[in-house]
Amino acid sequence: GAVVSQHPSWVICKSGTSVKIECRSLDFQATTMFWYRQFPKQSLMLMATSNEGSKATYEQGVEKDKFLINHASLTLSTLTVTSAHPEDSSFYICSALPGWRPEQYFGPGTRLTVT
Amino acid sequence: SQELEQSPQSLIVQEGKNLTINCTSSKTLYGLYWYKQKYGEGLIFLMMLQKGGEEKSHEKITAKLDEKKQQSSLHITASQPSHAGIYLCGAQGAGNQFYFGTGTSLTVIP
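Respectively, the protein sequence lines represent chains A and B. Count along the first sequence starting at 1, add 1430, and that's the number in this note's numbering. Count along the second sequence starting at 1, add 19, and that's the number in this note's numbering.
Written out as structure tokens, the structure reads:
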């Protein structure tokens, strides 16, 4: 149990376009999900906390207008990278927090390449 | 936010050698996690430590949390090429956020 999926697993888009990444908790409900990004040879950095039914909370330095987060249901959070640029190319991982325990479950990640 | 500093930043060892990775927190840890990852791939959960002085082992990997619960170490015995990757410590923040350490890149030379 406690499986988190992400879609797509990898995506290539052109500069200036927007791309949406989905994070789903497959067998549990998650009122809270988190989004991380990772650059090559670096650690994962928390971008934002996604709360079902309310606005996301962004970490300092993360542009909320560029990285739109929507947590429309208890099993789905989406991250939209708007007007993507090559510097947005990165590996994005989500995690979900089930209600019955404090541990998070991580998705497999999405590799975004902006050309 | 929870600040987790890992050392060393990168490590290159000969196969068969032992190695240790450290994770130091600026605050008391109430749960310290160790993960292994390769860039562009998902996280592999290794171990979770909660109690001061706790030590856990799995195969050739041993993780310890100090008594003050501000420092953890990950020790690999007789390293193998399969151990290569990025090792990340992580901890829960006050608002359920999860923060990762700065990461340690391990290369094992056959």
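Ideal Cβ positions, reconstructed from N, Cα and C, are used throughout, including at glycine. Remember, it's a predicted structure, so these values are computed and weren't measured experimentally.
Residue state for HIS1515 of chain A is assigned as coil, using DSSP reduced to three classes.
Within the model, the alpha-carbon separation for GLY112 of chain B versus TYR1466 of chain A is close to 15 Å. With a beta-carbon spacing of about 5 Å, LEU62 of chain B and PHE1536 of chain A fall inside the 8 Å limit used to define contacts. For GLU60 of chain B, the neighbours in chain A by C-beta distance under 8 Å run, in chain order, PRO1538, GLY1539. The residue from A:ASP1457, A:MET1463, A:GLN1472 with its alpha-carbon nearest to that of SER29 of chain B is A:GLN1472.
The beta carbon of CYS1443 of chain A lies closer than 7 Å to those of VAL1449, ALA1514, VAL1544 in the same chain, with the five residues before and after it left out. Only residues of its own chain outside the window of five on either side were considered, and among them LYS55, GLN56, LYS57, TYR58, GLY122, THR123, SER124, LEU125 have a CB closer than 8 Å to the CB of ILE105 of chain B, listed in chain order.
If you compare the alpha carbons of B:GLU86, B:ILE40, B:GLN33, B:GLU34 with that of PRO27 of chain B, the shortest gap goes to B:ILE40. Excluding five sequence positions before and after THR1447 of chain A, the CB atoms of its chain that fall closer than 7 Å to its own CB belong to ALA1514, given in chain order. A:MET1477 is the residue among A:SER1484, A:HIS1501, A:MET1477 whose C-alpha sits nearest the C-alpha of GLY1491 of chain A. For TYR49 of chain B, the closest of A:CYS1524, A:PRO1532, A:THR1462 by C-alpha to C-alpha distance is A:PRO1532. Residue environment for LYS88 of chain B: buried (at least 16 other C-beta atoms within 10 angstroms of its C-beta). Ranked by how close their Cα comes to the Cα of MET1475 of chain A, the residues A:LYS1496, A:HIS1437, A:SER1445, A:SER1520 have A:SER1520 in first place. Contact annotation: GLY120 of chain B and GLN25 of chain B have beta-carbon atoms nearer than 8 Å. If you check each beta-carbon in the region 1459-1479 of chain A against every beta-carbon of chain B, the ones closer than 9 Å belong to THR1462, PHE1464, TYR1466, GLN1468, PHE1469, PRO1470, LYS1471, GLN1472, SER1473, LEU1474, MET1475, LEU1476, THR1479. For ARG1531 of chain A, there is no enclosing beta strand (DSSP E), as DSSP marks it with neither H nor E. Boundaries of the beta strand (DSSP E) around GLY104 of chain B: 104-111. The C-alpha of LEU1456 of chain A lies about 32 Å from the C-alpha of SER91 of chain B.
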